[in-house]
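Okay, so here's the structure we're looking at.
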Amino acid sequence: MILHLLRLAWNRKGANALVIIEIFVAFLVTFAVAALGLFLWDNQRRPLGYQWQNVYAVNLETGDGRAGDDDWSADQVETLRRVLIEAKRLEGVDSTAAVLTVPFEMGGSTRTWENLRMQVNEVTDEFLEVMELELVAGRWFGPEDDGREVEPIVIDRDLARAAFGDADPVGQRLPGEPDEGGHRIVGVVNDFREDGELSSATNYVFERKALNPESRLLRKLVVRAAPEVPPDFEEQLITTLRGVAPGWSFEVRSLEGMRRISRNFRLAPLVLSGVVGLFLLSMVGLGLIGVLWQNVTRRTRELGLRRAVGADRGRIYRQILAELFLVTTTGLLFGLLVVFQLPFLDLLGSVSEKVFAMAVTVSILIMYSLTLLCGLYPSWLATRVAAADALRYE
Amino acid sequence: MIHLENVSKSYRTERIETLALDSINLEVETGEFVAIMGPSGCGKTTLLNLMGLLDTPDQGTLSLDGEAIGKQSDRSLSRLRNRKVGFIFQNFHLVGDLSVVDNVEIPLLYRTLSSRERRELAAEALGRVGLSSRISHLPAQLSGGQQQRVAVARAIVGRPQVLLADEPTGNLDSQMGDEILDLLEELNRDGGTVVMVTHDPRMAERAHRTVRLFDGRQVQ
Ligand SMILES: Nc1ncnc2c1ncn2[C@@H]1O[C@H](COP(=O)(O)OP(=O)(O)OP(=O)(O)O)[C@@H](O)[C@H]1O
Ligand SMILES: [Mg+2]
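Chains as they are written, first to last, in my numbering: chain A, 1 to 394; chain B, 1001 to 1220.
In C-alpha cells, the structure reads:
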C-alpha cells in the first residue's frame, strides 16, 4: 500500500509541490522559533552564579569634567573609599563594592586570548559578598594580595573548563596572556553570567581592583541591602553618598529592575518571532485544510471507486492521512537538508548541539501534529464519499 | 447467486422523492449472463448498485452468494464487495495518476497480499484482456476500448463470482464494444456470473436473458 501511495504521490508531484513548499517553509520558521525558545530555556536552567535580590547598582559621576578611563587623583580615591565605607554604614546595607561592570547592564568588556573569548570585570574585594558568589576552588582575593607583584584573578567555571579542562586552574596563568600581564589565578567561582539567566554561558574573569591612584576609575558600585528595607531606601542611600562626596552625583537602580529590562530585551525577539511563527503556522494550516479539502473533492471518483472495489471507511481515512504523511515527510526532508547545514557549516554559534537536536525534534513534531490536525477533517470528508453517487456521473 | 425479493429503493431530495425501484423480484443464477434494459432513469443503475452492495434497499431482502445482506457493518460490506463483486462502468473510472498495472491492482490492495503477488495477478488479468504490452502506460495514453479493457482487468483481478457492468459499451464504438462483450462472454463461459445494463438490443441479445425495467418496475 505504501508503495502504491508513493507512486500515486509521485505521479501527482505537481499538485503536491505546493503543499511540500508550504511545509518546508513552515518547518524552517518553526525551527527558528523553537531553536530560539529552547536556547533561552536551556540557558535559564543553568546556574546564574550570583544573587541579584536586594542588590542596588549606583552610578557615580565625579563631576570634575574628567571622562573616560582616566587615572584617579589621590583625593578621588580617598573619596571613593569613604563612599564605600559610609554606604555600608547605612542601616540596612550589608556590603558594598566598586565595579567596572554591573550585572544585567548591557555591554561590558571582553577580550580574546588564543581563541579564548572571555568577559572581564574589575572589582574590589567585597564583590564576593555583595553578589554572594559561590567559590568552588581556591580562594577569593583580599587585602593579603596588596603589594604583590602578580595580580590575583578569579575565573568562573566555564573559563576554567574551557582553558584547563579537568586540570586544576589554581596557581596557573591564563593561556595566551601577554608576558607583562603577570596575573595568577587564585580561585574559581561557579558560572557567572553577567547578562542574566537567559544569556548563554560565558567565560568570565574577575580582576582585583585595589583602590589606589594608579588604577583605572571605577564609576559603579554594587550595594547589598537587607531583605526588608524601607521604601525610601534608595533616597537614603543617595543622601548618604552625597554627604560623603558633595560634588559627585549618584544614580541608584535596583538589580531587580535592571534584570527585568534585560530579560524583556532578550525575550522580545522570542515573543515577536513566536507571534509571527504562530500566525504563519495558522495560515499554512488553513491553506493546508483548503488544499486537502479540494484534493478530496477533486478525487471523489477515485475515492468512490476505491470504496466500490472494497476499501472500507477506515482504509480511505488512513489513505488520505498516509498521503499527507508522505507529503509532509518530503517537505520536512527538504527542511532538514537546509537545517543540517548549520552544524556542518559551524553556524550554530552559542546554540549547543543538544538545543539544536531538541529544536529539530520539536519542530518535526509540531509539523506532523499540524498536518495531522489539518488532515483530520478532509480525511473524514473523504470517508463520506458514497460510491454510488461518486461513480454515477461523469 | 443474487436474490432480490420485493426490493424497493427511493431517493429523497429536499423537494421530491423519487421511487427508483418498486418491488423488484429477481433471481440471478450462478453462471448466468443477464442483461438489464430499459429507458433512461428507469432504475437500472440503482438496481446494479444494490446488487453490488454499493447501496442498500429501503425495503425487501437481498442476498448475494447465499449471504443475506442486512445491516452489516461498513467493513464487512466492503469486504464482500472486494471478494465477490467486480464492477465495470460506462466511464471506465480509471485513476488517471496511476499506471495501467497500478489501476488493475487497486482491488488487491484491500486484501492481504504481497506486492509481488499483486503484480503477478494484475499482469495475469491484463494478459487476459490482451493488454500485456501496455502495463506501465497511463490511462490517458490508451484508446477508449483499451481503457475499458483495463477496467475489465481490474474487475476480474480479484476473481469475483459476479461481474456487474453498467453500460460497459456505452462510450465505445461498435467494434470496441464488441470486443468488450466478447470478453464478458468469455468470462461468463469460464463460470462467472455477469449482469450487464445496456441500451443496445444487439448487446442484450448475447445475454442468456433480459430483464426489462420501466419506471422502477420490472416488466416482462
Ligand atoms: N442520488 C440520487 N438522488 C436522487 N435521485 C436519484 C439518485 N440516483 C438516481 N436517482 C433517480 O432515480 C431514478 C433512477 O436512476 P438510475 O440512475 O437508476 O436510472 P438508470 O436507469 O440507470 O438511467 P440511465 O439509463 O440514464 O443511466 C432516476 O429518476 C434518477 O433521477
Ligand atoms: Mg444508469
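For each residue, glycine too, the CB sits at the ideal point set by N, CA and C.
Note that the structure is predicted; figures quoted are calculated from it, not measured.
Residue i classed as buried or exposed, judged by whether at least 16 other C-beta atoms fall within 10 angstroms
{"i": "A:Ile21", "result": "exposed"}
{"i": "B:Ser1132", "result": "exposed"}
{"i": "B:Arg1134", "result": "buried"}
{"i": "A:Val233", "result": "One point to set straight first is that residue 233 of chain A is Phe, not Val, in the sequence displayed. Per the 10 Å Cβ criterion, buried."}
{"i": "A:Leu373", "result": "exposed"}
{"i": "B:His1093", "result": "buried"}
{"i": "A:Ser282", "result": "exposed"}
{"i": "B:His1003", "result": "buried"}
{"i": "A:Tyr377", "result": "exposed"}
{"i": "B:Thr1146", "result": "A small correction: the amino acid at residue 1146 of chain B is Gln; Thr does not occupy that position in the sequence shown. Looking at its Cβ environment, which holds 16 or more other Cβ atoms inside 10 Å, B:Gln1146 is buried."}
{"i": "B:Ser1078", "result": "buried"}
{"i": "A:Ile2", "result": "exposed"}
{"i": "A:Val275", "result": "exposed"}
{"i": "B:Phe1033", "result": "buried"}
{"i": "A:Asn212", "result": "exposed"}
{"i": "A:Val123", "result": "buried"}
{"i": "A:Gly147", "result": "exposed"}
{"i": "A:Gly310", "result": "buried"}
{"i": "B:Thr1045", "result": "buried"}
{"i": "B:Val1095", "result": "buried"}
{"i": "A:Ala401", "result": "Nothing can be reported for residue 401 of chain A, as the shown portion of chain A is limited to 1 through 394."}
{"i": "B:Asp1190", "result": "exposed"}
{"i": "A:Ala268", "result": "exposed"}
Within-8 Å CB hit, residue i to chain A
{"i": "B:Thr1045", "result": "yes"}
{"i": "B:Val1152", "result": "no"}
{"i": "B:Ile1106", "result": "yes"}
{"i": "B:Ser1010", "result": "no"}
{"i": "B:His1093", "result": "yes"}
{"i": "B:Arg1128", "result": "no"}
{"i": "B:Asp1182", "result": "no"}
{"i": "B:Asn1025", "result": "no"}
{"i": "B:Arg1075", "result": "yes"}
{"i": "B:Leu1098", "result": "yes"}
{"i": "B:Arg1116", "result": "no"}
{"i": "B:Ser1040", "result": "no"}
{"i": "B:Leu1054", "result": "yes"}
{"i": "B:Asp1058", "result": "no"}
{"i": "B:Asn1188", "result": "no"}
{"i": "B:Asp1102", "result": "yes"}
{"i": "B:Asn1006", "result": "no"}
Whole-angstrom distance between residue j and residue i, CA atom to CA atom
{"i": "A:Met106", "j": "A:Asp195", "result": "7 Å"}
{"i": "A:Val222", "j": "A:Asp191", "result": "19 Å"}
{"i": "B:Leu1138", "j": "A:Ile320", "result": "22 Å"}
{"i": "A:Arg173", "j": "A:Trp113", "result": "12 Å"}
{"i": "A:Ile23", "j": "A:Gly331", "result": "5 Å"}
{"i": "A:Leu342", "j": "A:Thr30", "result": "15 Å"}
{"i": "A:Pro178", "j": "A:Thr371", "result": "58 Å"}
{"i": "B:Pro1168", "j": "A:Ala357", "result": "58 Å"}
{"i": "B:Glu1017", "j": "B:Tyr1011", "result": "6 Å"}
{"i": "A:Leu133", "j": "A:Leu347", "result": "33 Å"}
{"i": "A:Arg184", "j": "A:Ala167", "result": "15 Å"}
{"i": "B:Ile1069", "j": "A:Phe27", "result": "49 Å"}
{"i": "B:Gly1130", "j": "A:Leu18", "result": "39 Å"}
{"i": "A:Val77", "j": "A:Val188", "result": "29 Å"}
{"i": "A:Val252", "j": "A:Leu241", "result": "11 Å"}
{"i": "B:Gln1090", "j": "B:Val1197", "result": "10 Å"}
{"i": "A:Gln294", "j": "B:Leu1121", "result": "34 Å"}
{"i": "B:Ser1174", "j": "B:Phe1214", "result": "26 Å"}
{"i": "B:Ala1123", "j": "B:Val1101", "result": "7 Å"}
Beta carbon proximity, residue i to chain B, threshold 8 Å
{"i": "A:Val327", "result": "no"}
{"i": "A:Val339", "result": "no"}
{"i": "A:Val309", "result": "yes"}
{"i": "A:Asn295", "result": "no"}
{"i": "A:Arg318", "result": "no"}
{"i": "A:Asn16", "result": "no"}
Integer Cβ distance of residue i from residue j, believed to fall under 8 Å
{"i": "B:Ala1125", "j": "B:Ile1156", "result": "6 Å"}
{"i": "A:Ser350", "j": "A:Asp42", "result": "Not a contact, Cβ separation roughly 10 Å."}
{"i": "A:Ser262", "j": "A:Phe104", "result": "4 Å"}
{"i": "B:Met1001", "j": "B:Ala1204", "result": "B:Met1001 to B:Ala1204, Cβ: 19 Å. No contact."}
{"i": "B:Arg1212", "j": "B:Val1219", "result": "5 Å"}
{"i": "A:Val327", "j": "A:Leu381", "result": "Incorrect: roughly 17 Å between the Cβ atoms, too far for contact."}
**Request:** Specify whether the stretch 358-367 of chain A and the stretch 1178-1192 of chain B touch according to this definition: at least 3 beta carbon pairs, one from each stretch, less than 8 Å apart.
**Result:** no
**Item:** the stretch 229-249 of chain A / the stretch 88-101 of chain A touching (three or more Cβ pairs under 8 Å)
**Value:** Contact between the stretch 229-249 of chain A and the stretch 88-101 of chain A is present, with at least three C-beta pairs closer than 8 Å.
**Message:** Does the structure place the stretch 153-169 of chain A close enough to the stretch 297-313 of chain A that three or more beta carbon pairs sit under 8 Å?
**Reply:** no
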